[in-house]
Amino acid sequence: MAITTKKIRTKKKDPEIKNQNMMAMIRKVHGMIDNSDIEKHRQSQDHVGALFGNSKDILIRSVDIQGMEGEWVSVNRAHMKKYVILYCHGGGYSTGSSLYARTLTTKLAASTSMDVFCFDYRLAPENPYPAAVQDAMKAWNYLMLLGYGARDVIVAGDSAGGNMALSMVLKLKEEERLLPRGLVLMSPWTDLTSSGKTHQSRAEVDPVLDAAYLERMIQGYVPAQDMEISLDLKNPMISPLFGDFTGFPPTYIQVGDNEILLSDSTMLHKKMIQENVSVKLDVFKGMWHVFQMSPLKTAYDAMEKNAEFIYDICR
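When we follow this note's numbering, the leftmost residue of the sequence shown carries the number 3, and every step to the right adds one.
Below, the structure written as structure tokens:
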């Protein structure tokens, strides 16, 4: 008896359904990390960094800068030493660490073959504004004392770290100091007044951030009593979107189109263009807040784009 075989064609998953499933998973994972107990939240983030940020191809070296901890992240092979990346980690100014940031700094070191320096700035609410910006300046001065010139440094950051990167360069400009060679910003939080339209239009789809979380972070970083007395959320050192970017170095911005902070990037991009900054914005379809942390092809592709930008400005 003849046996016949029939090929069964499996229907490919619709890309949109696949993306929705991925975002549902991201929402679930983020929910496991997020915790109203801020210490538990910080510990959960560090566990994620320890789990996903280690590789035999990466070397980590810890340093102490006048009581502030930091770490150098380097590839375990011959690599470029002339330029260095100063990395500002995210976390709403209240959480995050150089350990948590290894999900990004290790990828950045691998894609660029450059040393990455990340530092543990003081966190709110224990240390509200301007503690974090002061610590960023301390990290910058540390690199200058090591012998790097301003033009040897690329400043990078994600989320609140993107805010910090911009604020630090605004501070350097205010002090009439030399500015870094360039800026790389991933889902930067540029406007603590939340004036952008996507804070409403993306509220239902964003799997990571929501208005309540941002308000909690704002209250920790800029307490209500400070705003009543002397601080305004439109202060460029708090919301760099309202700063003067004239003379800023080349800047590259990456953001997902499913995040409430999309407007924070698009408004920054528009303002920088108006002020004659060489700036590029990439909006990644279907992606979420700091998607570059995830072990996805799109995340690695985004890091390669970061590297291309850095190579271009370092030529």
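Glycine included, every Cβ here is placed at the ideal spot set by N, Cα and C.
| request: Find out if the Cβ-Cβ distance for the pair VAL155, VAL86 is shorter than 8 Å. | output: yes
| message | My parser needs the alpha helix (DSSP H) runs of 4 or more residues fully inside the stretch 164-203; what are they? | response | 200-203
| According to DSSP, is ALA4 helix, strand or coil? | Residue placement at ALA4 cannot be trusted, given a pLDDT of 46 that sits under 50; the coordinates are not used to answer.
| What whole-angstrom Cβ distance do ARG204 and ASN260 have, given they're in contact under 8 Å? | 6 Å
| field | Neighbourhood of ALA167 by C-beta distance below 7 Å, restricted to the same chain and skipping five residues each side | value | CYS90, VAL157, ALA158, GLY159, LEU185, LEU187
| Counting pairs of Cβ atoms below 8 Å between the stretch 268-278 and the stretch 300-310, do you hit three or more? | no
| message | Pop quiz: LEU181 and VAL171 are said to be a contact at Cβ under 8 Å. What is the actual Cβ separation, rounded to whole angstroms? | response | 6 Å
| said: According to DSSP, simplified to helix, strand and coil, what is TYR131? | reply: coil
| request: Pull up the CB-CB distance for HIS271 and ASP208, whole angstroms please, since I reckon it's below 8 Å. | output: Their Cβ separation, rounded to whole angstroms, is 19 Å, which puts HIS271 and ASP208 out of contact at 8 Å.
| said: DSSP has SER76 in a bridge; who is on the other side? | reply: LEU61
| For LEU283, the residue or residues it bridges with in DSSP | ILE255
| message | My assumption, with CB atoms under 8 Å, is that TYR131 sits in contact with TYR215. Please give the rounded CB distance. | response | About 18 Å; that fails the 8 Å criterion.
| query | Going by other Cβ atoms of all chains shown within 10 Å of its Cβ, with 16 needed for buried, is LYS13 buried or exposed? | reply | A caution first: LYS13 carries a pLDDT of 49, below 50, which makes its placement in the model too unreliable to give a value.
| query | Just reading off the alpha helix (DSSP H) that ALA158 is part of, what are its end residues? | reply | Element bounds for ALA158: not the alpha helix (DSSP H) but the beta strand (DSSP E), 155-160.
| said: Taking the alpha-carbon of GLY149 as reference, which of LYS83, GLN202, ALA112 has the nearest alpha-carbon? | reply: LYS83
| task | Would you check if the stretch 58-78 and the stretch 21-30 touch, i.e. whether three or more CB-CB distances between them fall below 8 Å? | result | no
| request: Pick out whichever of ASP48, LEU174, ASP16 has its Cα sitting closest to the Cα of THR248. | output: LEU174
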